[in-house]
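Engineer: Submitted below is the structure of interest, expressed as structure tokens.
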Amino acid sequence: MSSNNGTDQSLPTHDSRESWIRLAVAMLLGTIGSVGLWCYVVVLPAVQADFGVDRATASMPYTWTMVGFAVGNVIFGRLADRFGIVRPIIGAACMLCAGFAIAGLAPDIRILMVSQGVLIGLGTAGTFGPLISELSYWFLRRRALAITAAASGNYLAGVVWPPLIQLGLTSEGWRATYVGIGIICLATMVPLALRLRGSRPETESSSVSPTGKRRQQLTVEITPRALTIILSIAGFACCMAMAMPQVHIVAYCVDLGYGVARGAEMLSLMLLGGVVSRLASGFIADYIGGVKVLLIGSVLQCLALLFYIPYDGLASLYIVSLFFGLAQGGIVPAYAIVVREFLPAKEAGERVGYVIMSTVMGMAVGGWMSGLIFDLTGSYEAAFVNGVLWNLLNMAIIGMLFWLSKPPKIPAAATA
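In the working numbering, each residue's number is its place in the sequence shown (first place is 1) plus 98.
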């Protein structure tokens, strides 16, 4: 029996020790690489003051970051299906390093937009959708938990990075902080990516519950393409709603007079709740399925958005932000769980990439629209109402999918 990369992986199996080690590495990669999603949220007020632009224009680099992140999930997903996960991760690390360096030296906001979208956005994508898809091949009994755990690196980044960025912002300024982040990404992500070398386990033909029994899956009598489109529309709608607190919570706190530091703390608290939510959602989805978890998360997110409207005191915002994180954290990875439950495994990378792309586009447009609504109305109240309306659309779509889904028809011979 041969050895591969120092470990015996000639016959890799699902849910093995190697599977859990890879999950830990993937979470660490996601925590480091996903800095690209949260860094600009913290520095947005400083960038606005530096370039002397309005709030909507200052929000555009974030929008372009999310556009690059959306497209990158499809591009890196296809590359991972073709070449494996290692080379895409190394490429993503190089893009992040270059992107943060160029952004930190940008002479105007247009250069900043390009570097955020083309380099930082694309590079960040390499540590999200492709890693989620890759981990799904290594687990069977605990697949939903593994998917949500891999996706948690995205939110752990939001817990770890904002306070560190705030320290750098205070002591060195946002430009020097950006350059330092790029160096850290390159120095840490490349060695971690090399640990993910090795062949995948053979693709499974059935779904097994954590108890070892075959779990009864649900099916929908529509084509894979139609289901992908439905999930994409739902993902866009839910993230249009999700964008308002996540993108503008720091600016919202500044406008209320609480300062950048309090806003960064609320963002970290929100995303810490998101990590707990993602892990809990994955654990639950292994028993009840992804569609039910998706519907529950959508309802809870709508309630959290409604709470933001009447409660704007400092203590209240801390509580509501935590509740919002606990409510919505499991939503985005639940789409990947639904894809793996309803669609063929050989299409996982591409289908997950398209659905994740739609959710990210929702974040991008939602972040920009919230800034535009603020400029037009002078407050964020109407932006929260806008988020609630988009959330209701998401609830309607997922409710319809749940209503259309049903247990598969099992032939009599298979049952015997």
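Cβ atoms here follow ideal geometry from the backbone N, Cα and C, with glycine treated the same way. Note that this is a predicted model, so its numbers are computed, not measured.
Just how far apart, CA to CA, sit Arg-360 and Ser-157?
Structural biologist: Position 262 of the sequence shown, counting from 1, holds the residue named residue 360. Position 59 of the sequence shown, counting from 1, holds the residue named residue 157. Rounded to the nearest angstrom, the two C-alpha atoms are 20 Å apart.
Engineer: Using a 10 Å radius around the Cβ and a threshold of 16 neighbouring Cβ atoms, would you call Glu-270 buried or exposed?
Structural biologist: Counted from its first residue, the sequence shown places residue 270 at position 172. So Glu-270 counts as exposed.
Engineer: Considering Cα atoms alone, identify which of Arg-449, Val-430, Gly-387 and Ala-341 is closest to Ser-419.
Structural biologist: Here residue 419 is taken as the residue at index 321 of the sequence shown, counted from 1. Ranking the options by Cα distance to Ser-419, first place goes to Ala-341.
Engineer: Put Asp-353 into one of helix, strand or coil per three-state DSSP.
Structural biologist: Translated into positions along the sequence shown, residue 353 becomes position 255. Note: Asp-353 maps to helix in three-state DSSP.
Engineer: How big is the Cα-Cα spacing for Gly-388 and Leu-491?
Structural biologist: Residue numbering aside, residue 388 sits at position 290 when the sequence shown is read from its first letter. Residue numbering aside, residue 491 sits at position 393 when the sequence shown is read from its first letter. Their backbone Cα atoms lie some 19 Å apart in a straight line.
Engineer: Buried or exposed: Trp-162, going by 16 or more other Cβ atoms within 10 Å of its Cβ?
Structural biologist: As a position in the sequence shown, residue 162 is number 64, starting the count at 1. Label assigned to Trp-162: buried.
Engineer: Quick one: which unbroken alpha helix (DSSP H) runs of 4-plus residues sit fully inside the region 186–272? Chain order, please.
Structural biologist: If we require 4 residues or more, the alpha helix (DSSP H) runs fully inside the region 186–272 come out as 207–212, 220–223, 227–234 and 241–269.
Engineer: I need the DSSP call for Arg-312, collapsed to helix, strand or coil.
Structural biologist: For the purposes of this step, residue 312 is taken as residue 214 along the sequence shown, with counting starting at 1. Any reading at Arg-312 must be qualified, since the residue scores a pLDDT of 42, below 50, and its modelled position is unreliable; the value itself is stated next. If DSSP states are grouped into helix, strand and coil, Arg-312 belongs with the strands.
Engineer: Could you spell out the range, first to last residue, of the alpha helix (DSSP H) harbouring Arg-295?
Structural biologist: Translated into positions along the sequence shown, residue 295 becomes position 197. Here Arg-295 belongs to no alpha helix (DSSP H), and DSSP marks it neither H nor E.
Engineer: Checking 9 Å against the spacing of the C-beta atoms, do Ala-481 and Ile-471 come in under that value?
Structural biologist: Residue mapping note: residue 481 aligns to position 383 of the sequence shown, counting from 1. Residue mapping note: residue 471 aligns to position 373 of the sequence shown, counting from 1. Yes.
Engineer: Give me the Cα-Cα distance between Asp-148 and Leu-398, rounded to the nearest whole angstrom.
Structural biologist: Locating residue 148 in the sequence shown gives position 50, counting from the first residue. Locating residue 398 in the sequence shown gives position 300, counting from the first residue. Between Asp-148 and Leu-398, the C-alpha separation is close to 38 Å.
Engineer: Expressed to the nearest angstrom, what Euclidean distance is found between the alpha-carbon atoms of Leu-370 and Val-345?
Structural biologist: In the sequence shown, the residue the question calls residue 370 occupies position 272. In the sequence shown, the residue the question calls residue 345 occupies position 247. Approximately 16 Å, taken between the alpha carbons.
Engineer: Since Leu-294 and Val-123 are thought to touch, with beta carbons under 8 Å apart, how far apart are those beta carbons, to the nearest angstrom?
Structural biologist: Residue numbering aside, residue 294 sits at position 196 when the sequence shown is read from its first letter. Residue numbering aside, residue 123 sits at position 25 when the sequence shown is read from its first letter. Indeed, because the Cβ distance is near 6 Å, the residues count as touching under 8 Å.
Engineer: Out of curiosity, what's the CA-to-CA distance linking Val-212 and Thr-326?
Structural biologist: Numbered from 1 along the sequence shown, position 114 holds the residue referred to as residue 212. Numbered from 1 along the sequence shown, position 228 holds the residue referred to as residue 326. About 29 Å.
Engineer: Give a yes or no on whether the C-beta atoms belonging to Ala-291 and Ala-425 are separated by under 9 Å.
Structural biologist: As a working note, residue 291 is residue 193 in the sequence shown. As a working note, residue 425 is residue 327 in the sequence shown. In this structure, Ala-425 does not lie closer than 9 Å to Ala-291 by Cβ.
Engineer: Can you check whether the CB of Leu-233 is closer than 9 Å to the CB of Ala-223?
Structural biologist: Reading the sequence shown from its first residue, position 125 is the one you call residue 223. Reading the sequence shown from its first residue, position 135 is the one you call residue 233. No. Outside cutoff.
Engineer: What residue range is occupied by the uninterrupted alpha helix (DSSP H) comprising Gly-497?
Structural biologist: As a first step, residue 497 is located in the sequence shown; it is residue number 399 there, counting from the start. 479–502 is the span of the alpha helix (DSSP H), which, as asked, contains Gly-497.
Engineer: Would DSSP call Ser-132 helix, strand or coil?
Structural biologist: For this step, residue 132 is matched to residue 34 along the sequence shown. Ser-132 falls in the coil class under three-state DSSP.
Engineer: Measure the alpha-carbon distance for Tyr-350 versus Tyr-356 and round it to whole angstroms.
Structural biologist: The count along the sequence shown starts at 1 and reaches residue 350 at position 252. The count along the sequence shown starts at 1 and reaches residue 356 at position 258. Distance between the alpha carbons of Tyr-350 and Tyr-356: 9 Å.
Engineer: Would you grab the beta carbon distance between Val-373 and Val-258 for me? Rounded to a whole angstrom, and I think it's under 8 Å.
Structural biologist: As a position in the sequence shown, residue 373 is number 275, starting the count at 1. As a position in the sequence shown, residue 258 is number 160, starting the count at 1. Actually they are not in contact, since the Cβ atoms of Val-373 and Val-258 sit about 10 Å apart, beyond 8 Å.
Engineer: Kindly confirm or deny that the region 451–461 and the region 167–174 touch, where touching means at least three C-beta pairs closer than 8 Å.
Structural biologist: The answer is yes - the region 167–174 touches the region 451–461, with three or more Cβ pairs under 8 Å.
Engineer: Quick check on this structure: which residue in Gly-380, Pro-322 and Arg-323 has the alpha carbon closest to the alpha carbon of Leu-243?
Structural biologist: Position 145 of the sequence shown, counting from 1, holds the residue named residue 243. The residue with the shortest Cα to Cα distance from Leu-243 is Gly-380.
Engineer: Determine the direct distance from the alpha carbon of Gly-131 to that of Asn-489, and round the result to whole angstroms.
Structural biologist: Here residue 489 refers to the residue found at position 391 when the sequence shown is read from its first residue. Here residue 131 refers to the residue found at position 33 when the sequence shown is read from its first residue. When rounded, the distance between both Cα atoms is 28 Å.
Engineer: Could you name the residues of the same chain whose beta carbon sits closer than 6 Å to that of Ile-496, not counting the 5 residues immediately before and after it, in chain order?
Structural biologist: Here residue 496 is taken as the residue at index 398 of the sequence shown, counted from 1. Result list for Ile-496: Ala-332, Leu-392, Leu-393 and Ser-396, in chain order.
Engineer: For Ala-178, I'd like the list of residues in its chain whose CB is within less than 8 Å of its CB, leaving aside the five on either flank, ordered along the chain.
Structural biologist: Position 80 of the sequence shown, counting from 1, holds the residue named residue 178. So the list reads Pro-186, Pro-228, Ser-231, Glu-232 and Gly-447, once near-sequence residues are dropped.
Engineer: Whole angstroms are fine: how far does the CA of Leu-441 sit from the CA of Lys-311?
Structural biologist: As a position in the sequence shown, residue 311 is number 213, starting the count at 1. As a position in the sequence shown, residue 441 is number 343, starting the count at 1. Only weak support is given to the placement of Lys-311: the predicted model assigns it a pLDDT of 44, under 50, and the value that follows is read from those uncertain coordinates. So the alpha carbons of these two residues sit roughly 21 Å apart.
Engineer: In chain order, what residues of the same chain have a beta carbon less than 8 Å from the beta carbon of Ala-203, not counting five sequence neighbours either side?
Structural biologist: Residue numbering aside, residue 203 sits at position 105 when the sequence shown is read from its first letter. Going by the sequence as given, residue 203 is Leu instead of Ala. Around Leu-203: Arg-273 and Val-277.
Engineer: Please list the terminal residues of the continuous alpha helix (DSSP H) segment that includes Gly-166.
Structural biologist: Locating residue 166 in the sequence shown gives position 68, where the first residue counts as 1. From DSSP, the alpha helix (DSSP H) with Gly-166 extends over 153–181.
Engineer: Evaluate Trp-501 with the Cβ neighbour count: other Cβ atoms within 10 Å of its Cβ, from every protein chain shown; 16 or more gives buried, anything less gives exposed.
Structural biologist: If you number the sequence shown from 1, residue 501 lands on position 403. Exposed.
Engineer: By Cβ distance, which residues of its chain are closer than 7 Å to Ile-382, with the 5 residues on each side in sequence left out?
Structural biologist: Locating residue 382 in the sequence shown gives position 284, counting from the first residue. The residues are Val-391.
Engineer: Using the beta-carbon count (16 or more within 10 Å), is Leu-573 buried or exposed?
Structural biologist: Beyond the ends of the chain as shown, which are 99 and 514, falls residue 573; an answer cannot be given.
Engineer: Would you call the CB atoms of Ile-328 and Leu-499 closer than 9 Å?
Structural biologist: In the sequence shown, counting from the first residue as 1, residue 328 sits at position 230. In the sequence shown, counting from the first residue as 1, residue 499 sits at position 401. Contact flag set, yes.
Engineer: Based on Cα-Cα distance, which residue from Gln-146, Gly-166, Leu-210 and Asp-152 lies nearest to Phe-226?
Structural biologist: Counted from its first residue, the sequence shown places residue 226 at position 128. When only C-alpha atoms are compared, the closest one is Gly-166.
Engineer: Helix, strand or coil for Asp-113, going by three-state DSSP, please let me know.
Structural biologist: Walking along the sequence shown from the start, residue 113 turns up at place 15. Three-state DSSP puts Asp-113 in coil, outside helix and strand.
Engineer: From this set, Val-358, Ala-432, Ser-477 and Pro-343, which residue's C-alpha is nearest Phe-405's C-alpha?
Structural biologist: For the purposes of this step, residue 405 is taken as residue 307 along the sequence shown, with counting starting at 1. Selected option, being the one with the closest Cα: Pro-343.
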